[in-house]
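Read through the structure below, which is laid out as structure tokens, and then see the notes.
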Amino acid sequence: MAYVPERDTLVARDLDTGERLWSRGFEYVFRETTPLVIDRGDDHRVVIGAGEYLRAFDGATGELRWERRLDGIVRGPAARALASVYGTVYAATTGGELYAVDHDGRVRWNRTVNAGIRTAPTVVGSRGPNGNSIRGSGDVVVGDGDGSVRCFDPTGGHRWRTGLRGFVEGGIAAGHGGVFAVSGGRLYALNAESGNHAWRTDIGNATRPTPPALVGDTIYVGGERLHGVGVGGGVGVRSVRVGETRFEHGVDGGASYVTAADGTLFATVAGESGSGRLVVLS
């Protein structure tokens, strides 16, 4: 089953036929957002934010399980801890609030970032080889309005703040002990534990914000060209590096959103007059 935001309606569709199985309308038009699918045993839920509300639906029937009104418009897709051991959904708002919401929709904590929050939250954690265990701290990171990345622990405590040379663009990726963000035409890697700068590399400016996508041990990110960069950043000092780039592909118009599935890379490319196209690379 696929869950698709269609203007002001969340639609569940059959993956094979595209048939509409259920739909739920919202008071607000969806912006650039992605539903969050949460599985806990037989409990299958879909969480999505629109306007000032974060809502959870039963994945099979579309029944509303809970809703929570937040202080400000929900920014981008929600993020969640990657297992029930954490059991938390994180959401940021345009009012600069970061919320941690439990499985039943209760607010565990919220923190105010006075400079504002520019990205959706990203959880520092990944599934282990068995698909159940969790690797990583469970910390949550956001890009704020003063050009920094901020990190909070699972209880809401502030862990670190690191400044970049400009605003974080699009979103943040985390894994392999690193936090990866794009700012000012560069891809930055920060140490997930301390926030210290590990390395950076030039990727060029993009027509639209370019959130990095971490697949295996490679970070894929758009820009003037489509790049694949190893998580170790190659060898060098700061931005002077050798061997960091594993893949580079030129595209007319600049690549923005990048994702991968089943060994295939997908990237959206901006065209003229607001149009766009999808580039598929194997």
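Counting in the working numbering, the sequence shown runs from 192 upward without gaps. All residues carry an ideal CB built from backbone N, CA and C; glycine is no exception.
Excluding its 5 nearest sequence neighbours in each direction, Trp257 has C-beta neighbours in its own chain below 8 Å: Arg246, Ala247, Asp295 and Gly296, listed in chain order.
Remark: C-beta atoms of Ala306 and Asp337 approach each other more closely than 8 Å.
In this structure Gly424 is not in contact with Thr409, their Cβ atoms being roughly 12 Å apart against a cut-off of 8 Å.
If you draw a 10 Å sphere on the C-beta of Ser385, you find fewer than 16 other C-beta atoms in it, and that means exposed. Restricting attention to alpha helix (DSSP H) runs no shorter than 4 residues, the stretch 206 to 252 encloses none. Apart from the 5 residues on each side of it in sequence, Pro402 sits with its Cβ closer than 6 Å to the Cβ of Gly361 and Gly362 in its chain, given in chain order. Excluding its 5 nearest sequence neighbours in each direction, Thr346 has C-beta neighbours in its own chain below 8 Å: Trp300, listed in chain order.
Residue pairing for Asn382: DSSP places it in a beta bridge opposite Gly369. Tyr219 and Ile308 have their C-alpha atoms roughly 20 Å apart. Taking a 10 Å sphere around the C-beta of Ser447, we find 16 or more other C-beta atoms and assign the residue as buried.
Burial of Glu288 is indicated by the presence of at least 16 other C-beta atoms within 10 angstroms of its C-beta. Under the 10 Å beta carbon count, Asp335 is surrounded by 16 or more other beta carbons and is classified as buried. Rounded to whole angstroms, Thr284 and Glu243 show a C-alpha spacing of 8 Å. Per DSSP, the beta bridge partners of Leu289 are Ala283 and Arg302.
Per DSSP, the unbroken beta strand (DSSP E) holding Ile410 starts and ends at Thr409 to Val412. Exclusion of the five residues before and after Arg341 leaves Val333, Asp335 and Arg352 as the residues of its chain whose Cβ lies within less than 6 Å of its Cβ. Here DSSP, grouped into helix, strand and coil, assigns Gly334 to strand. Taking the Cα positions, Thr252 is about 32 Å away from Ala364. Separation of the CB atoms of Ala451 and Tyr411 is rounded to 7 Å, and the pair is thereby assigned contact status at 8 Å. Thr208 is classed as exposed because its beta carbon has fewer than 16 other beta carbons within 10 Å across all chains shown. By the CB criterion at 8 Å, Arg215 and Leu201 fall inside the cutoff.
Taking the CA atoms as reference points, Ser339 sits about 14 Å from Leu378. Of the residues assessed, Leu381 falls on the buried side of the cut-off, its CB having 16 or more other CB atoms within 10 angstroms. When only Cα atoms are considered, His349 and Glu210 end up about 45 Å apart.
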